[in-house]
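In what follows, a single structure is set out as structure tokens and then discussed.
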Amino acid sequence: MDTKTRTLYMLFTETHLKTRDTYRLKVKGWKKIFHANEDQKKAGVAILISDKVDFEIKAVKRNKEGHYIMIKGSIQEEDIIIINMYAPNIGAPQYVMQILTSMKRKINSNTIIVGDFNTPLTPMDRSTKQKIVKETQTLNDTMGQLDLIDIYRTFHPKAINFTFFSSAHGTFSRIDHSLGHKSGPGKFKKLK
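Right, dumping it as structure tokens:
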């Protein structure tokens, strides 16, 4: 199989689906669907695993408010942990830090953490280039202590690429991030 063009998993944030509506996530060729969402149409995260990959699920941990999901499994007998999170708009850096800290024993070189963190991690992640706030610096320090790196920034240290536009402020920012263990950046070269 051509691994250069093969997508193994897709992650969604802000699905805004009620529990009974998760059938809307069904896509041909993607039968392994893991989701976390509330009974209200807000928040929500999902991970879809391609039928083309031999993925064996070992554990799933969900947040009942629909802000994160963690799946642990194996692909071709190699363990992998995928965490998808959607941080609340208020207190986002603290929320992300809390989730990372609570899962620190599970984080290893085969862990990928993806999602809408609702906060830029560096001044380059803002069109205004303003300094990051103290809470975000604390989050960055925590990521460093957990040996996590910003995968996008590792491969594109000077690139300016935004994922969010605030019409209220007329500014752009990169608030969607992918984190991985610093020992394995080569595993993430094909991350899109």
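Position 1, counted from 1, in the sequence shown is what this note's numbering calls 200; the numbers after and before it change by one each time, with no gaps.
The beta carbon of each residue, even a glycine, is placed where N, CA and C say it ideally should be.
task: Pick helix, strand or coil for residue 333, following the three-state DSSP scheme.
output: Here residue 333 is taken as the residue at index 134 of the sequence shown, counted from 1. Residue 333: helix per DSSP, three-state reduction.
Subject >> Whole-angstrom distance between residue 281 and residue 289, CA atom to CA atom >> reply: Residue mapping note: residue 289 aligns to position 90 of the sequence shown, counting from 1. Residue mapping note: residue 281 aligns to position 82 of the sequence shown, counting from 1. Going by the C-alpha atoms only, they are around 24 Å apart.
> So residue 311 is in the beta strand (DSSP E); what residue range does that whole segment cover?
Replying inline: As a first step, residue 311 is located in the sequence shown; it is residue number 112 there, counting from the start. Taken as a continuous stretch (DSSP letters only), the beta strand (DSSP E) holding residue 311 covers 310 to 315.
Residue 295, enclosing beta strand (DSSP E) - first and last residue = Taking the sequence shown and counting its residues from 1, one reaches residue 295 at position 96. Element bounds for residue 295: not the beta strand (DSSP E) but the alpha helix (DSSP H), 291 to 301.
DSSP three-state call for residue 278: helix, strand or coil?
Walking along the sequence shown from the start, residue 278 turns up at place 79. Residue 278 falls in the strand class under three-state DSSP.
message: According to DSSP, is residue 350 part of a helix, a strand, or is it coil?
response: Residue numbering aside, residue 350 sits at position 151 when the sequence shown is read from its first letter. Residue 350 falls in the helix class under three-state DSSP.
Compare the beta carbon distance of residue 345 and residue 306 with 8 Å and say whether it is the shorter of the two.
-> Position 146 of the sequence shown holds residue 345. Position 107 of the sequence shown holds residue 306. Closer than 8 Å, so yes.
Taking the C-alpha atoms as reference points, what is the distance between residue 328 and residue 322? By one-based count along the sequence shown, residue 328 stands at place 129. By one-based count along the sequence shown, residue 322 stands at place 123. For residue 328 and residue 322, the distance between alpha carbons rounds to 5 Å.
Query raised in the report: Secondary structure at residue 373, three-state DSSP: helix, strand or coil?
Result: As a working mapping, residue 373 is identified with position 174 in the sequence shown. If DSSP states are grouped into helix, strand and coil, residue 373 belongs with coil.
Nearest-angstrom Cα distance between residue 304 and residue 295? Counting from one through the sequence shown, the residue named residue 304 turns up at place 105. Counting from one through the sequence shown, the residue named residue 295 turns up at place 96. If I take the Cα positions, the gap works out to 16 Å.
- Task: Within its chain, find whatever has a CB closer than 7 Å to the CB of residue 261; leave out the 5 residues flanking it on each side and keep chain order.
- Result: Residue 261 sits at position 62 when you count from the first residue of the sequence shown. Contacts found: 235 and 268.
Practice item. Could you tell me the distance, in whole angstroms, from the CA atom of residue 250 to the CA atom of residue 232? Key: Your numbering for residue 250 matches position 51 in the sequence shown. Your numbering for residue 232 matches position 33 in the sequence shown. About 10 Å.
Margin query: If distances are taken between C-alpha atoms only, which option among 331, 378 and 266 comes closest to residue 372?
Written below: As a first step, residue 372 must be located in the sequence shown, where it is residue number 173. Of the listed residues, the one whose Cα sits closest to residue 372 is 331.
Q. Straight-line CA distance for residue 228 to residue 333?
A. Sequence index remark: in the sequence shown, residue 228 carries index 29 (1-based). Sequence index remark: in the sequence shown, residue 333 carries index 134 (1-based). Between residue 228 and residue 333, the C-alpha separation is close to 44 Å.
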